[in-house]
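Worksheet: one structure, shown below.
In our numbering, the protein residues as written are 109 to 451.
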């Protein structure tokens with residue numbers, strides 16, 4: 109059965125989209141079928157994966173493949189139309205085991221409907237199927253295409269759509285960067301996520317057409333990234349914030365989630381082989397100019413060829429070393445995710 113892993117942090121700028129692309133690629137290289145889902149109405153993952161630089165490219169794509177995005181698939185349900193849910197037209201990538209369910213700006217329009225459904229469904233039963241619909245349809249798409257792992261790239265927000273998507277997932281990872289605001293975000297999520305779990309309880313009714321899963325999603329860990337390295341490790345200032353964020357996870361987030369069965373056990377984390385103590389899955393330094401080349405060629409950083417790096421001499425040598433280090437890092441992370449999800 110397909111597993112759904114959400115990448116979520118309501119603090120923006122933490123490289124969720126870049127991580128989704130690179131991690132999805134790495135897992136797909138382990139002979140697993142991966143579906144990237146762009147659940148952000150800004151559509152950054154869609155643009156990155158498909159190489160869209162201009163708005164015209166998006167428009168042509170949507171016109172040619174109207175059921176290639178989440179919004180197109182769920183529109184009949186949210187517009188109260190009798191039309192059946194269509195089969196998804198997944199966008200292929202250059203990698204046979206990696207595909208994309210694109211994002212769409214119209215995703216932002218269902219926020220209000222979901223917010224109303226979450227708060228009034230008890231009195232309006234017709235709304236009860238909406239909160240579980242998006243994640244249920246994503247799971248159906250995954251099953252139809254024999255996907256092993258769905259990777260959700262979510263927007264940096266605490267709105268109704270993210271609530272429904274996260275509560276419809278099996279696992280979630282919180283990407284972080286070493287600063288004060290990410291530390292505060294961890295403390296915020298320690299309150300937000302348990303509240304969401306309570307709010308969706310009535311939508312776990314198996315008699316619904318689209319119930320939210322009875323088992324809530326489990327916190328897999330954080331990714332510490334976007335820091336400048338010194339001697340192969342985070343600089344002292346960055347390491348201080350990494351440690352503070354880890355302390356916040358240990359003292360605030362995990363204690364809030366564990367009684368709800370929403371965090372994997374420390375022993376399970378350690379058995380999966382991440383190189384750090386629970387719950388820091390891995391450290392990923394700043395990509396620097398490699399990310400520019402990745403975006404230019406729509407190729408994951410670890411898979412950039414020497415020609416795609418577009419440098420010469422010692423600069424190329426140094427960037428080649430960095431690329432190879434990122435390749436090892438993402439394969440290590442991929443192996444941990446595979447072990448923890450059981451795919």
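Glycine included, each C-beta is placed from N, C-alpha and C at the ideal position.
Spatial distance of residue i from residue j (CA atoms)
| i | j | result |
| --- | --- | --- |
| residue 314 | residue 321 | 9 Å |
| residue 239 | residue 150 | 21 Å |
| residue 324 | residue 422 | 50 Å |
| residue 306 | residue 137 | 38 Å |
| residue 119 | residue 282 | 10 Å |
| residue 382 | residue 228 | 43 Å |
| residue 288 | residue 270 | 23 Å |
| residue 433 | residue 179 | 37 Å |
| residue 286 | residue 316 | 42 Å |
| residue 326 | residue 371 | 4 Å |
| residue 190 | residue 184 | With a pLDDT of 49 at residue 190, under the threshold of 50, the predicted position of this residue should be treated as unreliable, and no value is reported. |
| residue 417 | residue 427 | 8 Å |
| residue 346 | residue 175 | 43 Å |
| residue 147 | residue 216 | 10 Å |
| residue 425 | residue 419 | 9 Å |
| residue 318 | residue 154 | 26 Å |
Endpoints, alpha helix (DSSP H) assigned at residue i
| i | result |
| --- | --- |
| residue 252 | 238-252 |
| residue 127 | 124-136 |
| residue 119 | Run containing residue 119: none; DSSP gives neither H nor E here. |
| residue 180 | 178-186 |
| residue 296 | 288-307 |
| residue 202 | Where residue 202 is concerned, there is no enclosing alpha helix (DSSP H), given that its DSSP letter is neither H nor E. |
| residue 261 | Element bounds for residue 261: not the alpha helix (DSSP H) but the beta strand (DSSP E), 257-262. |
Proximity below 8 Å, CB of residue i to CB of residue j
| i | j | result |
| --- | --- | --- |
| residue 129 | residue 112 | no |
| residue 395 | residue 262 | no |
| residue 265 | residue 361 | no |
| residue 330 | residue 257 | no |
| residue 274 | residue 145 | no |
| residue 182 | residue 268 | no |
| residue 337 | residue 350 | no |
| residue 140 | residue 254 | no |
| residue 449 | residue 311 | no |
| residue 134 | residue 441 | yes |
Neighbour flag for residue i against chain E, beta carbons, 8 Å
| i | result |
| --- | --- |
| residue 411 | This model lacks chain E altogether, as it is built from one protein chain only. |
Range covered by the beta strand (DSSP E) that runs through residue i
| i | result |
| --- | --- |
| residue 207 | 206-209 |
| residue 420 | It is not in any beta strand (DSSP E) - residue 420 carries neither H nor E in the DSSP assignment. |
| residue 284 | 279-284 |
Residue i Cβ short of 7 Å to the ligand SAM heavy atom set
| i | result |
| --- | --- |
| residue 433 | As for the ligand SAM, it is missing from this structure, which has no ligand bound. |
With 16 other Cβ atoms within 10 Å as the buried cut-off, status of residue i
| i | result |
| --- | --- |
| residue 177 | buried |
| residue 379 | exposed |
| residue 451 | buried |
| residue 431 | buried |
| residue 123 | buried |
| residue 407 | buried |
| residue 385 | exposed |
| residue 110 | buried |
| residue 332 | buried |
| residue 401 | buried |
| residue 187 | exposed |
| residue 369 | exposed |
| residue 121 | exposed |
| residue 429 | exposed |
| residue 413 | exposed |
| residue 404 | exposed |
Pairs of beta-carbons, one from the stretch 237-253 and one from the stretch 293-302, closer than 8 Å: are there three or more?
no
For the 8 Å Cβ check, are there 3 or more pairs between the stretch 164-182 and the stretch 194-212?
yes
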